[in-house]
Structure formats: structure tokens, C-alpha cells
Amino acid sequence: VYMIIEKRRRLLEGEKLLSGIGSIITENSKFTACVKEIEKAKSFLARDEIEKAIEHLRKAKDLALKEKDLISKLQSLNVIAYSKKLRDYAVKLIEEGNLDRAEEIVKEIENVIPKEQQLLNKVEEVEELISENLPASKPDEAERLKNEALRKIEQGDLEEAEKLLKQAEILA
Numbered sequence: 005v006y007m008i009i010e011k012r013r014r015l016l017e018g019e020k021l022l023s024g025i026g027s028i029i030t031e032n033s034k035f036t037a038c039v040k041e042i043e044k045a046k047s048f049l050a051r052d053e054i055e056k057a058i059e060h061l062r063k064a065k066d067l068a069l070k071e072k073d074l075i076s077k078l079q080s081l082n083v084i085a086y087s088k089k090l091r092d093y094a095v096k097l098i099e100e101g102n103l104d105r106a107e108e109i110v111k112e113i114e115n116v117i118p119k120e121q122q123l124l125n126k127v128e129e130v131e132e133l134i135s136e137n138l139p140a141s142k143p144d145e146a147e148r149l150k151n152e153a154l155r156k157i158e159q160g161d162l163e164e165a166e167k168l169l170k171q172a173e174i175l176a
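FYI, the numbering for the sequence shown is 5 to 176, going by my numbering.
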């Protein structure tokens, strides 16, 4: 009788975990990593291995929370240029269930955004200098370098973009 009561108690614990996961999951995400763990839990339940099923349900809940947090961070970031590509890659990783790598990419995005913004501000400064068309300036060459810098920013080669913008500033 004790074994039956304990089994029922563990099953209720599993149901409670599953219910908690359901409250985390939204329509906007696939929660692939979480769903994989739920499938593993179902497999263990089918074999009456309740402890292992509960272990996978706990892991599923943790993964669902992690994914929700990553998605929230990605939505809050003001991405521009290269960071947009990184964001798209992070979303793809999340959809594939690769949350650890997605988390690394989110951190990279957080580091890239300020540098991108700084470079885009520099682009505006260079454009302003070019428009002044000062004597002894080379506005065509400055414009070409500025445009090349913009391409480098899009590609994520921020160091090269910075060098190009310095050269463009000198020529403008």
C-alpha cells in the first residue's frame, strides 16, 4: 500500500511539474529543448520509471525558463547592422534547442551593439564632414571609404570599419 501511495505522490509531482511547464510555454516559441525532455519523460513514464520521468520534467522546466529568458533578452535588445544577423542566428539556435550556444550569442550581441552604435555615430560625423566639401578634401574617396566601412559593419568586421572611418575622416 505504501508503494502505491508513494507512486501516486510522485505521479502528482510529475503532473504539477508538467503544469508548471505549460504555464511557461507560449505560442511564440517552439521550446524544442523542453519538448525533447518532455518526450524523454513520457518514455520513462511508459516504462513506469517515475523517478527518471520526474528528473526529465524538472530539466524540461529549467530549459523552458532558460528559453523564455533568452527570448525576452533578444526582444529587449535594440539590434542594428551585424547584431541583427547575430540575433537571427540566436533565434535559430533556440528553435533547434541549442540554448547554451544561443546564450553565448546573446552575450556577444550585448557586446557588439555599443560598438556598432559608436561606429554608426562616426559614419554620421564623416558624412557631415564630406558635405562641408572643405578645400584640399577628397570627398569622393572619403565617401567610398565610408561606404566600405558601412559594409564592414554589416559583416561584423568592426575593427576594419573603424580603420576605414578614420581614413575617411582624414580625407573628408
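Even for Gly, the Cβ is constructed at its ideal location relative to N, Cα and C.
Next item on the list: Please classify Ser-87: is it buried, with 16 or more other beta-carbons within 10 angstroms of its beta-carbon, or exposed?
Entry: buried
Next item on the list: Indicate the three-state DSSP secondary structure (helix, strand or coil) for Arg-148 in the structure shown.
Entry: helix
Note to self: What ranges does the alpha helix (DSSP H) occupy inside the region 19-106, keeping only unbroken runs of at least 4 residues that lie completely in it?
What the structure shows: Runs of the alpha helix (DSSP H) inside the region 19-106: 36-50, 54-80 and 85-100.
Item checked: C-beta contact flag for Leu-78 and Val-95 at 8 Å -> yes
Check: Assuming Leu-124 contacts Ala-146 under a Cβ cut-off of 8 Å, what Cβ separation, rounded to an integer in Å, is found between them?
Finding: Actually they do not touch by this definition, with Cβ atoms about 17 Å apart.
Next item on the list: Please work out which residues of its chain come closer than 6 Å, Cβ to Cβ, to Leu-133, disregarding the five sequence neighbours upstream and downstream, and give them in chain order.
Entry: Hits under 6 Å: Ala-176.
Notebook entry, point to check: Mind checking whether His-60 and Lys-70 have CB atoms under 8 Å apart?
Noted result: no
Check: In the structure shown, what three-state DSSP assignment does Lys-111 receive?
Finding: Reduced to three states, the DSSP call for Lys-111 is helix.
Checklist line | Lys-167: CB within 7 Å of a non-hydrogen atom of the ligand ADP | finding: Among the components of this structure there are no ligands whatsoever, and the ligand ADP is therefore not found.
Margin query: Given this structure, state the Cα-to-Cα distance separating Ala-50 from Lys-65, to the nearest angstrom.
Written below: 20 Å
Item checked: Neighbourhood of Lys-142 by C-beta distance below 6 Å, restricted to the same chain and skipping five residues each side -> These residues qualify, in order along the chain: Leu-175.
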